[in-house]
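Shown next, in structure tokens, is the structure this report addresses.
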């Protein structure tokens with residue numbers, strides 16, 4: 001029995017050593033990312049958190065204010081509330097609108113039509129164009145005098161608005177523009193649609209379900225994990241919208257497109273109030289986390305995973 | 312019951328939370344990037360200024376002299392100069408200023424100064440420079456313009472050049488264009504912030520043929536704002552449906568200097584001269600000027616509105632509108648001569664004076680500057696940087712600013728040859744009365760900026776108001792009665808905070 005026991009112990013030692021080596025290898029592989037995360041994300045984040053309690057311009061020294069920046073934000077700064085309203089409006093309109101359109105386009109492109117590959121490419125193409133180029137393009141489209149949009153409205157006998165030059169229309173303009181990028185989400189919905197087993201539709205048809213019933217009771221539940229993912233991503237992205245107002249409107253006219261990130265950028269880099277800008281960033285961070293949690297918690301009620309058993 | 316240890320639901324939920332955290336942290340990291348560790352230490356000497364003191368006085372010395380708390384500058388070898396220059400001359404066709412500097416100007420400098428190596432750095436925007444200053448890595452010599460130069464000076468980031476000037480160029484006051492040279496002096500910090508690169512002044516660039524066709528007399532040296540409006544009205548063309556196809560002029564009041572100079576011409580001011588903190592836009596003269604511009608844009612529409620001009624499909628709305636026939640006259644900077652010669656090949660054009668206002672005359676007279684970063688003291692290359700600065704502001708380089716870039720140089724002796732040099736460089740300018748610009752300088756009506764002490768703070772309130780008036784046409788000059796006290800209060804608050812920081 002002794003040799004067998006020895007073999008067993010040796011095997012355990014080997015396994016243990018092997019496991020340690022595997023763990024070490026894994027950590028070594030992860031090390032570049034961990035170092036990058038600590039140095040370029042977590043470090044600056046903690047620094048920014050500290051900075052948010054100071055009046056700091058990063059050049060001449062700073063003064064501890066405790067919660068002074070946060071107090072000023074919430075009680076004395078109408079522009080902060082304005083930027084919050086602009087950002088929230090943009091997020092809560094553009095995300096559902098984008099999701100609805102992306103699903104609609106995905107369903108259309110999930111049909112057996114001719115030139116299917118071409119149409120899929122055409123719809124996806126805009127989402128690979130850089131944000132700055134898209135903004136410049138839409139500047140032309142929104143041009144009140146000779147833009148494409150007002151030209152089309154004129155054909156219909158409608159006098160178009162001044163779009164980004166009118167404070168009532170500037171934010172709706174940016175929301176309309178956000179639809180430009182639905183191609184990216186469309187692709188994910190398309191993948192989701194193609195993953196739905198056809199027998200579910202066949203069974204529903206045999207039970208007498210019409211097209212609407214099949215969409216509502218089969219497609220939507222089966223697509224809900226993709227919708228969940230896209231809504232989370234869209235919400236996070238839209239709360240951070242920045243380049244469009246920076247390039248197209250500068251936050252105007254009359255602060256109608258002043259997003260929170262643009263406002264914090266202005267505070268930091270135009271007014272050198274880095275402490276105050278950090279406080280805005282942390283408030284935005286808290287808002288993003290809150291809404292992300294809200295969507296995650298609510299997902300138990302509306303997201304369905306195939307094969308999942310519920311109590 | 313969940314069927315697996317980590318279901319897809321859990322995976323997606325954790326994934327979503329991680330995404331939220333990472334996305335949020337990207338914003339936070341961007342805000343807190345490039346930290347200067349020492350800068351976070353509360354300065355011991357800093358005490359909040361009293362409200363009464365803050366209302367009238369600049370920041371306390373303790374705050375503005377706290378530059379020592381910023382990160383130490385990165386060491387550089389003596390005799391090496393990093394030169395970061397904004398490409399002011401990017402609009403000049405055929406000129407690549409960075410290439411010209413490196414291939415022609417730097418070798419010329421090295422002939423006389425073989426021990427000093429100059430390296431070129433592009434200057435993207437002032438955001439980058441701020442972060443470089445915070446990290447102590449800004450270039451030694453940089454191009455800049457206001458209000459950034461004043462902000463950098465107030466934050467203690469610039470070398471005071473006056474001691475160098477006193478030693479090496481004692482007659483500097485008489486060498487450079489006085490209007491521009493005065494703007495290099497910061498009366499609050501009592502220092503010479505920079506040296507003069509060139510001067511930009513606005514004039515009226517007009518299509519002569521349009522005047523002849525509409526039988527409108529050409530602008531004269533002494534024309535007035537009333538003459539200007541009358542000419543613009545007659546030059547405005549409409550099609551059979553009543554849509555404007557060409558506007559008489561464009562005065563760009565959405566641009567700070569665009570309205571500031573008309574306010575001066577109408578006898579008003581944007582702010583007081585002494586403290587530069589009291590907003591005077593609610594004075595009757597200032598409001599009269601604003602109303603004159605607004606009516607021209609939104610009542611007669613002889614002046615084009617921003618939405619009628621911006622993104623109009625032209626390669627450059629800066630100069631393109633006159634050659635394209637969308638404008639008969641345009642108020643423009645003095646940096647477009649080669650472009651205009653290209654665009655107006657077959658159309659006669661000329662340059663006119665800015666019209667006389669009811670109580671004075673004023674046009675933009677803003678310099679571009681070169682400054683030396685204070686980090687050169689620690690880098691031990693301040694003498695090399697100053698030697699290079701003397702080269703940039705000396706006769707050879709200043710003459711090249713005329714010949715290569717068609718700009719008005721800061722050096723008076725080079726200004727004298729400006730029109731001749733420019734015609735030599737661009738023969739198509741032979742028939743253009745370039746001397747209008749030198750006449751403007753002689754007549755003394757180009758004016759410096761009307762910036763506030765805390766310009767970005769003022770702009771945060773004034774710009775949206777001006778957009779309501781001049782971009783949207785939804786308000787009139789009376790809005791200034793509401794805005795001006797807010798601006799003054801915000802300036803006082805900023806002064807108080809600067810004193811206490």
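Residue numbers (our numbering), protein chains in the order written: chain H, 1 to 311; chain P, 312 to 812.
A virtual CB, placed ideally from N, CA and C, is assigned to each residue, including glycine.
Residue of the options minimising C-alpha distance to residue i
i             : options                       : result
residue 453/P : 803/P, 684/P, 464/P and 651/P : 684/P
residue 83/H  : 307/H, 241/H, 196/H and 130/H : 241/H
residue 791/P : 509/P, 569/P and 598/P        : 598/P
residue 588/P : 772/P, 765/P, 774/P and 651/P : 765/P
residue 737/P : 795/P, 647/P, 689/P and 799/P : 647/P
residue 806/P : 472/P, 499/P and 392/P        : 499/P
residue 465/P : 281/H, 283/H and 272/H        : 272/H
residue 614/P : 716/P, 503/P, 652/P and 539/P : 539/P
residue 185/H : 134/H, 102/H, 133/H and 194/H : 102/H
residue 699/P : 408/P, 397/P and 431/P        : 431/P
residue 531/P : 524/P, 544/P and 514/P        : 514/P
residue 681/P : 671/P, 507/P, 716/P and 435/P : 507/P
Residue environment, residue i, which counts as buried when at least 16 other CB atoms sit within 10 Å
i             : result
residue 317/H : For chain H, the structure presents residues 1 to 311; residue 317/H sits outside this window and is missing.
residue 675/P : buried
residue 561/P : buried
residue 735/P : exposed
residue 724/P : exposed
residue 793/P : exposed
residue 642/P : buried
residue 290/H : exposed
residue 370/P : In this prediction, residue 370/P has a pLDDT of 34, which is less than 50 and means its spatial position is unreliable; nothing more can be read from the coordinates.
residue 590/P : buried
residue 25/H  : exposed
residue 744/P : exposed
residue 27/H  : exposed
residue 461/P : buried
residue 518/P : buried
residue 783/P : buried
residue 556/P : exposed
residue 228/H : buried
Per-residue contacts from residue i into chain P (C-beta, under 7 angstroms)
i             : result
residue 80/H  : Within 7 angstroms Cβ-Cβ: nothing; residue 80/H doesn't reach chain P, min ~12 angstroms.
residue 77/H  : Chain P residues near residue 77/H: none, gap ~11 angstroms exceeds 7 angstroms.
residue 271/H : 767 and 768
residue 167/H : 783
residue 144/H : 618
residue 255/H : 775
residue 11/H  : None at all; the shortest Cβ gap to chain P is about 27 angstroms.
Limits of the unbroken alpha helix (DSSP H) element including residue i
i             : result
residue 185/H : 182 to 194
residue 653/P : 648 to 654
residue 94/H  : 78 to 108
residue 556/P : Where residue 556/P is concerned, there is no enclosing alpha helix (DSSP H), although the beta strand (DSSP E) it sits in stretches over 555 to 557.
residue 395/P : It is not in any alpha helix (DSSP H) - residue 395/P instead sits in the beta strand (DSSP E) that spans 391 to 396.
residue 124/H : 116 to 124
residue 260/H : 260 to 265
residue 172/H : 170 to 178
residue 302/H : 274 to 302
residue 56/H  : Unbroken run through residue 56/H is the beta strand (DSSP E), 54 to 56; no alpha helix (DSSP H).
Residue range of the unbroken beta strand (DSSP E) whose run includes residue i
i             : result
residue 788/P : Here residue 788/P belongs to no beta strand (DSSP E), and DSSP marks it neither H nor E.
residue 662/P : 660 to 663
residue 818/P : Nothing can be reported for residue 818/P: it is not among the residues displayed for chain P, which extend from 312 to 812.
residue 679/P : 674 to 683
Proximal residues of chain P, C-beta to C-beta of residue i below 9 angstroms
i             : result
residue 194/H : Within 9 angstroms Cβ-Cβ: nothing; residue 194/H doesn't reach chain P, min ~17 angstroms.
residue 301/H : Result: empty, since nearest Cβ-Cβ is about 12 angstroms, beyond 9 angstroms.
Interface partners of residue i on chain H, CB under 7 angstroms
i             : result
residue 445/P : 58 and 59
Chain-ordered neighbours of residue i on chain H, where CB pairs are closer than 8 angstroms
i             : result
residue 438/P : 269
residue 468/P : 59
residue 745/P : Under the 8 angstroms cutoff, chain H gives no residues; its nearest Cβ is about 33 angstroms from residue 745/P.
residue 462/P : 272
Partners in chain P for residue i, counting only beta-carbon separations shorter than 8 angstroms
i             : result
residue 252/H : 774, 775, 778 and 782
Cross-chain neighbours of residue i in chain H, by beta carbon under 9 angstroms
i             : result
residue 671/P : Within chain H, no residue comes near residue 671/P; the closest Cβ sits about 30 angstroms away, beyond 9 angstroms.
### Task
Could you pull out every unbroken alpha helix (DSSP H) segment of at least 4 residues lying fully inside the stretch 217 to 255 of chain H, listed in chain order?
Residue ranges of uninterrupted alpha helix (DSSP H) with 4 or more members, entirely inside the stretch 217 to 255 of chain H and ordered along the chain, are 220 to 239.
### Query
In chain order, which continuous runs of the beta strand (DSSP E) of length 3 or greater are located wholly inside the stretch 567 to 647 of chain P?
Along the length of the stretch 567 to 647 of chain P, whole beta strand (DSSP E) runs at least 3 residues long occupy 640 to 643, reported in chain order.
### Contained beta strand (DSSP E) runs [length at least 3] in the stretch 406 to 472 of chain P, N- to C-terminal order
If we require 3 residues or more, the beta strand (DSSP E) runs fully inside the stretch 406 to 472 of chain P come out as 428 to 433 and 452 to 455.
### Query
Which whole runs of the alpha helix (DSSP H) in the stretch 688 to 733 of chain P are 4 residues long or more, in chain order?
You should have 693 to 703, 706 to 716 and 723 to 727.
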